[in-house]
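Chains as they are written, first to last, in full-length UniProt numbering: chain U, 1 to 293; chain P, 1 to 364.
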């Protein structure tokens, strides 16, 4: 029973699922296809399952028939294996708000596929990830993400397992350092009316970050003042300890002599490198004028 | 390379990049760096971009991408192996595109992406690939992703394409100095950069807000990666790379000067010999003998520029150096700003003299 596993999902996976959901085709049946399904790729680690990639597969859920394009699945898995050899299928996803009985059948199919593809003898834990894009579940206005692990359950003493329980797992966001930066850039699109974000130059970014720091410092100052004014707000010991930490670390690392040395030495290095770089560029331009004259 | 390729001028002015593509590229490159694969094989991570072209709005929308397999070392004992390998890669690409079509994803190739350190990696191979892609469709571009700069807190993606004059020369695969001069090609106008705008769909925006609330995300999100002053090592590497490039540039400049001088000497020689022959011929005609043909003079071989690709190496090296210099310039500029900020935060009263010419580094 490995229900203490955490599922670490990378942001690219989420975005891919959302994108697939938006591109779902309208079926010939009267009810449009409301769900998308696909395979999750990643690798297993001690105590967690890392999900790093995913792709959607065509499937059909009209009337009584449940069809999955197996050939597509296998081909995609082998194609992705060539480019990222350390990834293997670890589960599947569905854009729905709830687990239904049809999920059992899909899960059985995936168990078969993954055990074939996996190199281990016993079957690895297979994750079911549901992303509710329909806004119809129990939390409207949110898009909850849930992961499950299936285990057979039944009455002890009886012949065999009667049913299956999907145990919920903890889902967390894991990022490579570059992905974090990319996410922050994409988040800027939240503010623009046309949902656009431009790549900022370094100085602009510094400006925004400094502005943010100033805002936080002001908030903290406000809070401290409130607490001091005869306990208008109850002082939280933990916050107080953290403030103490900040103050001590800042005096330690920003000790005047240290800062002095740091500034003087590195400043000269940077100015020199900057000068050399600009000189190289000017030289290149001059050379071009001479050659093409 | 087909020389009968029609070159149409591209009309796209800017690029709309879907946030999904950004994430996929970053994930591909970062996961390879993490696994240390890039140390083993010298090839850069690369992949293909798909999307749509909107001619009326003169923009190129990139909506999806997929990674391509790295070049494995091909054994030279089988001459066919390279051919088979190429076909295999083509087949895989077409396969993937077919799958995209099934899933309603745009399956038109609009370019390719590559990851290079410091955003500089302009080699002959890259120019060849760019030419191939642009021959397929005039609007195709290449996206260069810089993982080093992104790690330092700024997403770095730049889009380039070959200018029409460069395309011309690439199609003839002749980069001799005369043609380059005639086309007026300098390293500045060889590649055109296109501005990039990142676009997110509404559902994507909801996803972003949802993820922002995720518990594990918030402490990392507010990390002040921007303020990190520890970028010395990457600066060192970029300066070293610049030095390598300048050395190469030096070499090609030397060969160019040698070539020009040789050519001049050769021209003079041919001219003087032709003159002499002419005189001789007149004398002979006066005597009634058949004139000596001038063909053997013409057959004297003209000097060739010693480098393989004519002036291409010089152009590429200059462009590469330019990109590296860009990187160093921006990084040092920002770091200087950060130092000034740090100074202003520290208590001014306790600061020593503001004399910046004094350095506590011991001089040897």
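Ideal placement from N, C-alpha and C gives every residue a C-beta, glycine not left out.
Option in the options with minimal Cα separation from residue i
| i | options | result |
| --- | --- | --- |
| residue 53 (chain U) | U:66, U:182, U:10 | U:10 |
| residue 128 (chain U) | U:102, U:92, U:249 | U:92 |
| residue 98 (chain U) | U:114, U:105, U:89, U:132 | U:132 |
| residue 340 (chain P) | U:61, U:266, U:279, U:289 | U:266 |
| residue 23 (chain U) | P:105, P:180, P:177, P:209 | P:105 |
| residue 186 (chain P) | P:64, P:164, P:85 | P:164 |
| residue 69 (chain P) | U:248, U:80, U:149 | U:80 |
| residue 151 (chain U) | U:35, U:167, U:72 | U:167 |
| residue 15 (chain U) | U:183, U:68, U:69 | U:183 |
| residue 182 (chain P) | P:311, P:50, P:136 | P:311 |
| residue 61 (chain P) | P:140, P:122, P:292 | P:140 |
| residue 287 (chain U) | P:253, P:248, P:287, P:136 | P:253 |
| residue 301 (chain U) | U:19, U:216, U:164 | This structure does not reach residue 301 (chain U), given that chain U is present from 1 up to 293, and the question cannot be answered. |
| residue 250 (chain P) | U:284, U:221, U:279 | U:284 |
| residue 96 (chain U) | U:223, U:290, U:147 | U:147 |
| residue 117 (chain P) | P:24, P:51, P:233, P:188 | P:233 |
| residue 175 (chain U) | P:281, P:29, P:122 | P:29 |
| residue 74 (chain U) | U:112, U:47, U:61 | U:112 |
| residue 20 (chain U) | U:114, U:59, U:84 | U:59 |
| residue 236 (chain U) | U:211, U:229, U:224 | U:224 |
| residue 245 (chain P) | P:331, P:123, P:156 | P:123 |
| residue 94 (chain P) | P:81, P:138, P:67 | P:67 |
| residue 317 (chain P) | P:120, P:32, P:83, P:110 | P:120 |
| residue 172 (chain U) | P:211, P:289, P:142 | P:211 |
| residue 15 (chain P) | P:286, P:290, P:264, P:142 | P:142 |
| residue 271 (chain U) | P:209, P:147, P:331, P:87 | P:331 |
| residue 264 (chain U) | P:108, P:83, P:342 | P:342 |
Per DSSP, cross-strand counterpart(s) of residue i
| i | result |
| --- | --- |
| residue 14 (chain P) | P:59 |
| residue 199 (chain P) | U:196, P:18 |
| residue 37 (chain U) | U:57, U:94 |
| residue 211 (chain U) | Paired residues: none, contrary to the question. |
| residue 113 (chain P) | P:47, P:143 |
| residue 137 (chain P) | Partner(s): none; residue 137 (chain P) has no beta bridge. |
| residue 103 (chain U) | None, per the DSSP bridge assignment. |
| residue 9 (chain U) | U:51, U:173 |
| residue 42 (chain U) | U:51, U:88 |
| residue 151 (chain U) | U:165 |
| residue 189 (chain P) | Answer by DSSP bridge pairing: none, since residue 189 (chain P) is not bridged. |
| residue 212 (chain P) | DSSP output for residue 212 (chain P) lists no bridge partner at all. |
| residue 131 (chain U) | U:145 |
| residue 68 (chain U) | U:59 |
CB contact flag (residue i, residue j, <8 Å)
| i | j | result |
| --- | --- | --- |
| residue 38 (chain U) | residue 55 (chain U) | yes |
| residue 97 (chain P) | residue 134 (chain P) | no |
| residue 315 (chain P) | residue 130 (chain P) | no |
| residue 144 (chain P) | residue 161 (chain P) | no |
| residue 189 (chain U) | residue 179 (chain U) | no |
| residue 55 (chain P) | residue 198 (chain P) | no |
| residue 241 (chain P) | residue 169 (chain P) | no |
| residue 94 (chain U) | residue 49 (chain U) | no |
| residue 110 (chain U) | residue 126 (chain U) | yes |
| residue 335 (chain P) | residue 281 (chain U) | no |
| residue 21 (chain P) | residue 52 (chain P) | no |
| residue 329 (chain P) | residue 278 (chain U) | yes |
| residue 221 (chain U) | residue 7 (chain U) | no |
| residue 235 (chain P) | residue 177 (chain P) | no |
| residue 127 (chain P) | residue 58 (chain P) | no |
| residue 90 (chain U) | residue 145 (chain U) | no |
| residue 155 (chain P) | residue 199 (chain U) | yes |
| residue 319 (chain P) | residue 238 (chain P) | no |
| residue 64 (chain P) | residue 112 (chain P) | no |
| residue 77 (chain U) | residue 117 (chain U) | yes |
| residue 19 (chain P) | residue 186 (chain U) | yes |
Contacts of residue i in chain A (Cβ-Cβ under 7 Å)
| i | result |
| --- | --- |
| residue 206 (chain P) | Judged by its chain identifiers, the structure shown contains no chain A, and its protein chains are U and P. |
query = Going along the segment 247-271 of chain U in order, which residues come within less than 9 Å of chain P, judged by CB to CB distance?
reply = Those would be 250, 254, 255, 256, 257, 259, 260, 261, 262, 263, 264, 265, 266, 267, 268, 269, 270, 271, in chain order.
request  = Check distances from the C-beta atoms of the segment 90-124 of chain P to those of chain U and list, in chain order, the residues that come in under 8 Å.
outcome  = 92, 95, 96, 99, 102, 103, 104, 105
inquiry  = Residues of the segment 321-340 of chain P in Cβ contact with chain U at a cutoff of 9 Å, in chain order, please.
reply    = So the close ones are 321, 322, 324, 325, 326, 327, 328, 329, 330, 331, 332, 333, 334, 335, 336, 337, 338, 339, 340.
message = Along the segment 143-156 of chain P, where does the CB come closer than 8 Å to a CB of chain U? Name the residues.
response = Cβ contacts with chain U: 147, 150, 151, 153, 154, 155, 156.
task = Below 7 Å between beta carbons is the criterion; list the residues of the segment 252-275 of chain P that meet it against any residue of chain U, in chain order.
result = If the cut-off is 7 Å between Cβ atoms, the segment 252-275 of chain P has nothing near chain U.
message = To be precise: take each residue of the segment 270-286 of chain U, compare its Cβ to all Cβ atoms of chain P, and keep it if any distance is under 8 Å. Which residues remain?
response = 270, 271, 273, 274, 276, 277, 278, 280, 281, 284, 285
key: Short-range partners of chain P found in the segment 30-52 of chain U, where Cβ spacing is below 8 Å   = 52
query = the segment 20-31 of chain P: which residues have C-beta closer than 9 Å to a C-beta of chain U, in chain order?
reply = 20, 22, 23, 24, 25, 26, 27, 28, 29, 30, 31
inquiry  = So if I threshold CB-CB distances at 9 Å, which residues from the segment 186-204 of chain P count as touching chain U?
reply    = 186, 187, 188, 195, 196, 197, 198, 199, 200, 201, 202, 203, 204
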